[in-house]
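To start, the structure under review is shown below, and the notes come after it.
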Amino acid sequence: MTAAGEPIVRIGSGSVRGRWRGTPGTEAASAAFLGIPFAQPPVGDLRFAAPVAVEPWDGILDAADHGATPQRGDTGITLIPEPSVPGDSTLNVNVFTPRPGEADAALPVLVYIHGGGFVSGSPASPWYDGASFSRDGIVTVVVSYRLGFDGFGHIDGAPSNRGVRDWLAALEWVRQNIAAFGGDPGRVTIAGQSAGGGAVLTLLGMPAAQHLFHAAWSLSGPLRDISPGRAQQLSAELARLAGVPATRAGFATVPEDRLRDLQQQVAAPASTSALGPIVAMIEDGLAWGPAIDGDLIVRPTIEAIRDGVGADKPLVLGATDDEFTMVTAAMGDDVDPAPALALLLTDPASVDAYLDANRAHRGTSAAALLGRFVSDAVFRSSVVRVARARAAAPTWVYRFSWASPTFGWAIHCVDVPFWFDCLDAPGVAAIAGDSPPAALADAVHGSAVALIRDGDPGWEPWSRSTGSTRVFDDGAASGVHADGYASVHALV
60 MTAAGEPIVR IGSGSVRGRW RGTPGTEAAS AAFLGIPFAQ PPVGDLRFAA
110 PVAVEPWDGI LDAADHGATP QRGDTGITLI PEPSVPGDST LNVNVFTPRP
160 GEADAALPVL VYIHGGGFVS GSPASPWYDG ASFSRDGIVT VVVSYRLGFD
210 GFGHIDGAPS NRGVRDWLAA LEWVRQNIAA FGGDPGRVTI AGQSAGGGAV
260 LTLLGMPAAQ HLFHAAWSLS GPLRDISPGR AQQLSAELAR LAGVPATRAG
310 FATVPEDRLR DLQQQVAAPA STSALGPIVA MIEDGLAWGP AIDGDLIVRP
360 TIEAIRDGVG ADKPLVLGAT DDEFTMVTAA MGDDVDPAPA LALLLTDPAS
410 VDAYLDANRA HRGTSAAALL GRFVSDAVFR SSVVRVARAR AAAPTWVYRF
460 SWASPTFGWA IHCVDVPFWF DCLDAPGVAA IAGDSPPAAL ADAVHGSAVA
510 LIRDGDPGWE PWSRSTGSTR VFDDGAASGV HADGYASVHA LV
């Protein structure tokens, strides 16, 4: 302790000073350690390098404020408030703990990976504060990692999947240091939402990651590995726009802000059709993200999972009912869903089957039906594919069905403040209204706590015969239902 009484913890690289929330020594007290570096700043010669272990420091590192973020500026991509913090030391973690400095506490650990399409997002979001998990006896670690081309672009002469390597380095940091914060390195659960949920699935299928965690929860995680050919194609196009060779030396000459602008042009080329970006997203997936490289990711993640990689680890996965309906709703109901789906599904029988399975769900709203399709194709189909691939492994499936009073649907991101039980955090009212149901947060967050603590979220596991699905809602529909993802069957 310092004279002021703030918590000080000694880790492998030096001492860090956090800050108390609540009165130290009381049951409600917990500590936050923000912006602790787990690797050296990825700048200069290290810009496109694999993460390099941080150099030890003398004295006490102040960890009272959030560290620098790879995200720059306000991207406005998601509904989650995710502030950018300037600086170079962007590879850092935030740790929230009720028992700092108690190495024998052996509390279960949550490691959370933020979303943002692998091009945005910030660990500094108030929604990712671990206070509620600390209250429940869990140590929370929120990870920062390189984004966009810097993190995931193919570069001749540079390590592949640098953002993935950042996740591994952060998990290794947890393995070596979390006991100093009261955590048990033998009880680590990884979790993430959207791109972060996809990161969880990527790690689940990676042999190199298996010793670093013990359970997983994927919220709205898309399952789409970038092929080697597409990774090289995107890199070549970016180099062409930048006017440099597609090499490490060539890209190093392009200022970061210029490269960020150009990577957006490559990721979202201009289209004359309102459906163009949707078609591209469904057919090609995200431009920047984990790629098959023959090294860390040697084959498609779904194949690795099907062959049993990660089968010893409990997994919970699910999605919201209307992930992307808000996007398609802006098109209005003058969009005829049948021709639109014909552009997105090459098999006419699949179009008919999908329309038959979903008309009852979405009524006569064409835009809402199209939104359900995009949600199913990009997010919800991944849930079914992974559950089927893990038929013999401990797997639980859920749906988040509570509709945002602001938007009228259970949209992308609306589940996050319930999962973190942070309904009073800044920005939550904009998506969840002024009086979101606390009982729903108790149920969702309680299930997360149960998985992290006990390896079981508390409902019947998924099986091919039942398709058991926990539906999270605040009405009569809440509970466990059979075949909760029936709308997806025509797509998988």
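Residues in the sequence shown are numbered from 60 upward in steps of one, following the working numbering. Glycine residues also receive a C-beta, built at the ideal position from the N, C-alpha and C atoms. Note that the coordinates shown come from a computational prediction; the quantities given were computed from them, not determined experimentally.
If you drop the 5 nearest sequence neighbours on each side, which residues of the same chain put their C-beta closer than 6 Å to that of residue i?
| i | result |
| --- | --- |
| R523 | A450 |
| W468 | D381, T384, A462 |
| V375 | W276, W455, L510, P516 |
| P129 | T149, R205, L206 |
| F107 | I214, A217, R307 |
May I ask you to report which of helix, strand or coil DSSP gives residue i?
| i | result |
| --- | --- |
| N153 | strand |
| I490 | helix |
| T61 | Below a pLDDT of 50, predicted positions are generally treated as unreliable, and T61, at 39, falls in that range; no measurement from the model is reported. |
| T379 | strand |
| S89 | strand |
| V530 | strand |
| R106 | coil |
| A350 | strand |
| P140 | coil |
| H540 | strand |
| D316 | helix |
| I285 | strand |
| T306 | strand |
| P100 | coil |
| D215 | strand |
Who are the near neighbours of residue i in its chain, counting only those whose CB is closer than 7 Å to its CB and skipping five residues on each side?
| i | result |
| --- | --- |
| T61 | Note that T61 scores a pLDDT of 39, beneath 50, so its modelled location is shaky; the value from the coordinates is reported in the next line. Only I67, R76 meet the Cβ criterion. |
| G517 | S506, A509 |
| G369 | L263, G264, Q269 |
| A290 | H213, A350 |
| L69 | Looking at the sequence shown, residue 69 is not Leu but Arg. Contacts found: A239. |
| L166 | R158, G196, I197, V198, G241, G242, D243 |
| W478 | L278, V503, H504, A507 |
| N220 | F211, P349, A350, D352, L355, I356 |
| L557 | Lying before the first or after the last residue shown, residue 557 is absent from the chain, which here runs from 60 to 551. |
| A346 | L293, V325, A326 |
| S460 | D380, A469, V530, F531, D532, A536 |
When the Cα of residue i is compared with those of the options, which residue comes out closest?
| i | options | result |
| --- | --- | --- |
| R283 | D480, L482, P485, E362 | E362 |
| D380 | V442, L321, D352 | V442 |
| S72 | G103, A112, G84, H173 | A112 |
| V313 | A488, D243, L297 | L297 |
| S191 | P101, A489, A295, F155 | F155 |
| W521 | A500, R221, H540 | H540 |
| Y48 | L93, N417, Y544, F383 | Lying outside 60 to 551, the shown extent of the chain, residue 48 is not represented and no answer is given. |
| P115 | L105, D163, I95 | I95 |
| Y457 | F466, E519, A488, P464 | E519 |
| A545 | A239, Y413, P359 | Y413 |
| S203 | D320, S148, K372 | S148 |
| D31 | W478, A549, A250, G189 | Since the first residue of the chain shown is 60 and the last is 551, residue 31 is not available in this structure. |
| N153 | F177, D121, T137 | D121 |
| A452 | P373, F432, D215 | P373 |
| A497 | I490, A488, D480 | D480 |
| G344 | I285, E315, D320 | I285 |
| L271 | G288, D117, V551, I249 | I249 |
Quick check on residue i: buried or exposed, where buried means 16 or more other Cβ atoms within 10 Å of its Cβ?
| i | result |
| --- | --- |
| P110 | buried |
| H125 | buried |
| R205 | buried |
| E141 | buried |
| W232 | buried |
| S494 | exposed |
| A350 | buried |
| A63 | With a pLDDT of 49 at A63, under the threshold of 50, the predicted position of this residue should be treated as unreliable, and no value is reported. |
| P304 | exposed |
| G302 | exposed |
| T85 | exposed |
| A308 | exposed |
| F531 | buried |
| R299 | exposed |
| G210 | buried |
| G492 | exposed |
| P101 | buried |
Identify the residues that DSSP records as bridge partners of residue i: which are they?
| i | result |
| --- | --- |
| V200 | V154, V170 |
| G251 | I172, S277 |
| Y457 | G377, R529 |
| D121 | R76 |
| V68 | V75 |
Say the cut is 7 Å; is the CB of residue i nearer than that to a heavy atom of the ligand NAP?
| i | result |
| --- | --- |
| G369 | As far as ligands go, the structure on display features none, and thus does not contain the ligand NAP. |
Counting only the same chain and skipping the five closest in sequence on each side, list residues whose C-beta sits under 8 Å from that of residue i.
| i | result |
| --- | --- |
| R194 | A87, S89, P157 |
| T82 | A88 |
| P485 | P140, P185 |
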